[in-house]
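Please read the structure below before turning to the comments.
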Amino acid sequence: MAFIKSLVPLLLITGILACNNKADTNKTYSSYIEKGDSIAMKGDFAHALPLYTAAINLQPDSAADAYKLRALCEYNLQKYVPAFNDVSAAIKIYPKDEQSFLLRARLNEMNDSLKSAIADYTIALKLNPSDTQAINNR
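Read in order, the letters of the sequence shown are residues 46 to 183 in my numbering.
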């Protein structure tokens with residue numbers, strides 16, 4: 046029994062244990078995001094990643110913010126391919142977030158995919174015509 050109890054924190058972090066209802070799931074999802082944000086704000090991106098992953102596992106079809114936050118951590122850890130994949134997933138779920146397009150544009154630039162970067166900056170500008178980052182980099 047002690048062995049099972051020792052696994053519960055690990056299972057919660059990895060999102061394996063399911064919540065009983067949607068309200069519990071939303072609360073737990075938000076909790077993972079808040080904990081991940083707290084850790085990431087301290088610059089500990091590697092330890093924030095599993096919390097964002099747990100949030101994604103709880104609500105994969107509506108986790109645009111968790112995907113974007115995980116992508117930012119991956120970007121800061123120089124894991125550019127996973128960052129690109131995550132920010133693209135965020136855009137697929139919520140295509141009205143200019144910050145996601147800006148991050149993907151930056152990742153495209155780093156990969157010398159300049160046409161794709163310009164396209165993402167253009168979309169970011171359509172979403173927010175006064176965004177100076179998009180204006181300057183496009």
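In this text, a Cβ means the ideal position worked out from N, Cα and C, and glycines have one as well.
Take the alpha-carbon of residue 103 and the one of residue 111: they are about 10 angstroms apart. Excluding sequence positions up to five before and after residue 148, its CB lies within less than 8 angstroms of the CB of 113, 116, 117, 120, 128, 132, all in the same chain and listed in chain order. Counting only the Cα atoms, residue 109 lies some 7 angstroms from residue 134. Remark: C-beta atoms of residue 139 and residue 100 do not approach each other more closely than 8 angstroms. Spatial neighbours of residue 78 in its own chain (CB-CB distance under 8 angstroms, excluding positions within 5 residues in sequence) are listed in chain order as 96, 97, 100, 110, 111, 114. Membership of residue 113 in the alpha helix (DSSP H) is indicated by the continuous run 109-121. The criterion of a C-beta distance shorter than 8 angstroms is not satisfied by residue 146 and residue 162. The Cβ atoms of residue 143 and residue 173 lie closer than 8 angstroms to each other.
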